[in-house]
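Data block below; observations after.
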Amino acid sequence: MEPKPEQNEWSSGVWAHLTDVRRRSPLVQCITNFVSMDLVANTLLSAGASPAMVHSVVEIPDFTPHIHALSINVGTLTPEWLPSMKAAAEVASQLGKPWVLDPAAVSCSGFRLKSCLELIGLKPTVIKGNGSEIIALSSASPGQTKGADSSHESTDAIEAAKSLALTSGAVVAVSGAADIVTDGNQVIGVHNGTKMMQKITATGCSLAGLIAAFLAIDSSRPLEATVSAMSVFGIAGELGEALANGPASLRMHLIDSLYGLDETTVRSRVNITRFG
Numbered sequence: 000m001e002p003k004p005e006q007n008e009w010s011s012g013v014w015a016h017l018t019d020v021r022r023r024s025p026l027v028q029c030i031t032n033f034v035s036m037d038l039v040a041n042t043l044l045s046a047g048a049s050p051a052m053v054h055s056v057v058e059i060p061d062f063t064p065h066i067h068a069l070s071i072n073v074g075t076l077t078p079e080w081l082p083s084m085k086a087a088a089e090v091a092s093q094l095g096k097p098w099v100l101d102p103a104a105v106s107c108s109g110f111r112l113k114s115c116l117e118l119i120g121l122k123p124t125v126i127k128g129n130g131s132e133i134i135a136l137s138s139a140s141p142g143q144t145k146g147a148d149s150s151h152e153s154t155d156a157i158e159a160a161k162s163l164a165l166t167s168g169a170v171v172a173v174s175g176a177a178d179i180v181t182d183g184n185q186v187i188g189v190h191n192g193t194k195m196m197q198k199i200t201a202t203g204c205s206l207a208g209l210i211a212a213f214l215a216i217d218s219s220r221p222l223e224a225t226v227s228a229m230s231v232f233g234i235a236g237e238l239g240e241a242l243a244n245g246p247a248s249l250r251m252h253l254i255d256s257l258y259g260l261d262e263t264t265v266r267s268r269v270n271i272t273r274f275g
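Structural data, given as structure tokens:
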């Protein structure tokens, strides 16, 4: 399956999405893992969104109805946190607010897999994971995994992603050397980003939060919003790597680059293809 270039078709939409996020500053609730909270919050702030790291189950009924989008990441999942995730997802689904599930290391335990499948039953708008995570969810069975790392390329997971999208009703985003986004019918490739980003913990978690922010301003077109978020994050990574000496400085420059993105840079760097 060879990609067909159509960057010009997408570039104006990517810039429009980023402009809307900056203009509207959507409130994104993030129930994410301990490792990622800092980078997720700073990624959202630098993109123009408003992060809220609210995870207590007792606050969900008061707080979650007021958000614009929700991001749930199971990276440091515990039995104490799962009720908060379910409660927030239920509120979001009931009120028609978009939400993203990041099934980090889903196949490392039966508890984690079962929890993610239960969360999928609460109708996420987008499921974002690496190739191994998406394959595990699609087949709904534990497998060999290396923590949150993937043993599969994103393109290995295209059929699994399409199947998961059709059975769950969610857009499925597969991160990798080329990011894949599908609604079960269309398959889009996002070719922005750098390999060094994989050396910074929480970049995938941060991407899930950014997708939620983009969904908040275009919830009726979840595939397009997801593609735009992945492209923007990848472009920021490309710019950051050009200034960095290694992963630690890339982290800083990634945030700065995301904050400083302008129209000319975005339009010229968007690299999106349609798989046909």
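In case it helps, numbering that gives the first Met the number 0 puts the sequence shown at residues 0 to 275. The C-beta atom is built at its ideal place from N, Cα and C for all residues, glycine as well.
Starting from Leu44, trace the alpha helix (DSSP H) in both directions and tell me its first and last residue. Met36 to Ala46
Going by alpha carbons, who is nearest to Lys85 out of Pro60, Ser108 and Ser106? Pro60
Where does Phe213 land, buried or exposed, given buried means 16+ other C-beta within 10 angstroms? Residue environment for Phe213: buried (at least 16 other C-beta atoms within 10 angstroms of its C-beta).
Could you spell out where the beta strand (DSSP E) holding Ala172 opens and where it closes? Val170 to Ser174
The alpha helix (DSSP H) enclosing Ser114, as first and last residue numbers: Gly109 to Ile119
Residue range of the unbroken beta strand (DSSP E) whose run includes Ala51: Per DSSP, Ala51 belongs to the beta strand (DSSP E) from Ser49 to Ala51.
What are the start and end residues of each continuous beta strand (DSSP E) run of 3 or more residues lying completely inside the stretch 164-235, in chain order? 170-174, 178-181 and 186-189
What are the residues that DSSP puts in a beta bridge with Gly128? Val173
Cutoff 6 Å; reference Ala159; Cβ partners in own chain excluding five residues on either side: Cβ within range, chain order: Ile133, Ile134 and Ser137.
Does Tyr258 come out as helix, strand or coil in the three-state DSSP assignment? When DSSP states are grouped into helix, strand and coil, Tyr258 belongs to the helix group.
Buried/exposed call for Ser35, threshold 16 Cβ in 10 Å: Counting Cβ neighbours within 10 Å, Ser35 comes out buried, since at least 16 surround it.
Excluding the 5 residues preceding and the 5 following Thr181 in the sequence, name in chain order all residues of the same chain whose CB lies nearer than 6 Å to its CB. Ala160, Lys161, Ala164 and Val171
Contact defined as beta carbons within less than 8 Å: I believe Pro123 pairs with Leu100. What is the distance between those atoms, to the nearest angstrom? 4 Å
Give me the Cα-Cα distance between Ser219 and Gly95, rounded to the nearest whole angstrom. Taking the CA atoms as reference points, Ser219 sits about 11 Å from Gly95.
Would you say Thr193 and Gly236 are within 7 Å of each other, going by their C-beta atoms? yes
Mapping the DSSP letters down to three states, classify Trp98 as helix, strand or coil. strand
For Thr202, I'd like the list of residues in its chain whose CB is within less than 6 Å of its CB, leaving aside the five on either flank, ordered along the chain. These residues qualify, in order along the chain: Met196.
Could you pull out every residue in the same chain whose Cβ sits closer than 8 Å to the Cβ of Asp19, ignoring the five residues on either side in sequence? Ile216 and Asp217
Measure the C-alpha to C-alpha separation of Cys107 and Ala139 and round it to an integer number of angstroms. 12 Å
Pro221 and Val105 - do their beta-carbons sit closer together than 7 Å? no
Beta-carbon within less than 6 Å of Ile234's beta-carbon, same chain only, minus the 5 sequence neighbours each way: which residues are those? Asn191 and Arg268
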